[in-house]
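Engineer: Below is the structure I would like to discuss, written out as structure tokens.
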Amino acid sequence: MTREEFRKRIIKSNLLDFCFYNLIFAAIVLGGIFFLYDVTAHQPKWDAHGTRFAGYLSFAFLFYFGLRGLWLMPNRYKILTIISTVAGDRKNEAILEVVHQLGDPYCAKDQDLFKFTYQRRWWTARYRVYASYDEKNLFVSIQGVTGGGHGQGIMDLGQTEKLRKRVLTILKDSLT
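Numbering (the working numbering), first residue to last: 238 to 413.
The following block contains the structure:
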């Protein structure tokens, strides 16, 4: 499976989340623009209540938060690529070593795509880990699971990147 095929399968399996978050952040940007329009078009109304500064502040916050979310969206579906020319069996064993070290007893394998869920403790966020390989590369993608009581939600405070580094370390150690 090539990198592009891997990316398409990842986005296809998370299409609802992908569309939902893009719509949410676009709506937040539009909400910020509405505040700017309303403050400038109806300035006497805002001045009568003494809230013009709050309107501009609302615009700045919403506009920044929405653009930041849209800008960081590709990072959610980031694909890590490890260049490795070892045999496919060794790459398969390296992926299974990641599954073993992260402690998930169930790993679904659909042709050449591995998929499992990682959760460090029962009260922490869950992450979906996708992995695949071809002749020259090994691909990994880690995404926070949304929804439910333990979902990561919109905000990620760096735990996904921390897990990415851990998985990379395990894979590099397994392939050498």
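The beta-carbon is built from N, C-alpha and C at its ideal position, and this holds for glycine as well.
Which one of Phe243, Leu260, Leu299 and Val276 has the shortest CA to CA distance from glycine 269?
Structural biologist: Residue 269 sits at position 32 when you count from the first residue of the sequence shown. Residue Leu299 is the option with its Cα nearest to glycine 269.
Engineer: Counting only the same chain and skipping the five closest in sequence on each side, list residues whose C-beta sits under 8 Å from that of threonine 239.
Structural biologist: Looking up residue 239 in the sequence shown gives position 2. Only Asp371 meet the Cβ criterion.
Engineer: Tell me whether valine 377 sits in a helix, a strand or coil according to DSSP, three-state version.
Structural biologist: Within the sequence shown, numbered from 1, the residue matching residue 377 stands at position 140. Valine 377 falls in the strand class under three-state DSSP.
Engineer: Count Cβ pairs between the stretch 328-338 and the stretch 401-413 that sit closer than 8 Å; are there 3 or more?
Structural biologist: As far as the Cβ criterion goes, the stretch 328-338 touches the stretch 401-413, which means the pair count is three or higher.
Engineer: Per DSSP, lysine 352 forms a beta bridge with which residues?
Structural biologist: Counted from its first residue, the sequence shown places residue 352 at position 115. Note: lysine 352 sits in a beta bridge opposite Ala345 and Tyr367.
Engineer: Rounded to a whole number of angstroms, what is the C-alpha to C-alpha distance between glycine 325 and phenylalanine 353?
Structural biologist: Walking along the sequence shown from the start, residue 325 turns up at place 88. Walking along the sequence shown from the start, residue 353 turns up at place 116. Looking at the two C-alpha atoms, the distance is approximately 19 Å.
Engineer: Note down the Cα distance separating leucine 253 from proline 311, rounded to an integer number of angstroms.
Structural biologist: As a first step, residue 253 must be located in the sequence shown, where it is residue number 16. As a first step, residue 311 must be located in the sequence shown, where it is residue number 74. Looking at the two C-alpha atoms, the distance is approximately 15 Å.
Engineer: Scan the stretch 270-307 and note each continuous beta strand (DSSP E) run of 3 residues or more that stays entirely inside, going in chain order.
Structural biologist: If we require 3 residues or more, the stretch 270-307 turns out to have no beta strand (DSSP E) run fully inside it.
Engineer: For serine 411 and phenylalanine 290, what's the separation of their Cα atoms in angstroms?
Structural biologist: Along the sequence shown, read from residue 1 onward, the residue named residue 411 stands at position 174. Along the sequence shown, read from residue 1 onward, the residue named residue 290 stands at position 53. Distance between the alpha carbons of serine 411 and phenylalanine 290: 57 Å.
Engineer: Take isoleucine 247 as the anchor and find which of Arg363, Leu307, Ile379 and Tyr274 has the nearest alpha-carbon.
Structural biologist: Taking the sequence shown and counting its residues from 1, one reaches residue 247 at position 10. Comparing Cα positions, the closest option is Ile379.
Engineer: Less than 8 Å between the CB atoms is what I'm expecting for threonine 413 and asparagine 374, so what's the real figure, rounded?
Structural biologist: Here residue 413 refers to the residue found at position 176 when the sequence shown is read from its first residue. Here residue 374 refers to the residue found at position 137 when the sequence shown is read from its first residue. In fact, because the Cβ distance is near 16 Å, the residues do not count as touching under 8 Å.
Engineer: Exposed or buried, which one is alanine 285 when buried takes at least 16 other CB atoms within 10 Å?
Structural biologist: Counting from 1 along the sequence shown, the entry for residue 285 is found at position 48. Classification of alanine 285: exposed, given that the 10 Å Cβ count is below 16.
Engineer: Considering only their Cβ atoms, is the gap separating valine 377 from alanine 368 smaller than 8 Å?
Structural biologist: The residue labelled residue 368 in the question sits at position 131 within the sequence shown. The residue labelled residue 377 in the question sits at position 140 within the sequence shown. Yes, they are a contact pair.
Engineer: I'd like the span of the beta strand (DSSP E) that includes threonine 318, first residue to last.
Structural biologist: In the sequence shown, counting from the first residue as 1, residue 318 sits at position 81. 316-320 is the span of the beta strand (DSSP E), which, as asked, contains threonine 318.
Engineer: According to DSSP, simplified to helix, strand and coil, what is arginine 246?
Structural biologist: For the purposes of this step, residue 246 is taken as the residue at position 9 of the sequence shown. Correct three-state label for arginine 246: helix.
Engineer: Among the residues of its own chain, which have a CB less than 7 Å from the CB of asparagine 251, if the five just before and after it don't count?
Structural biologist: One-based indexing of the sequence shown puts residue 251 at position 14. Only Gln380 meet the Cβ criterion.
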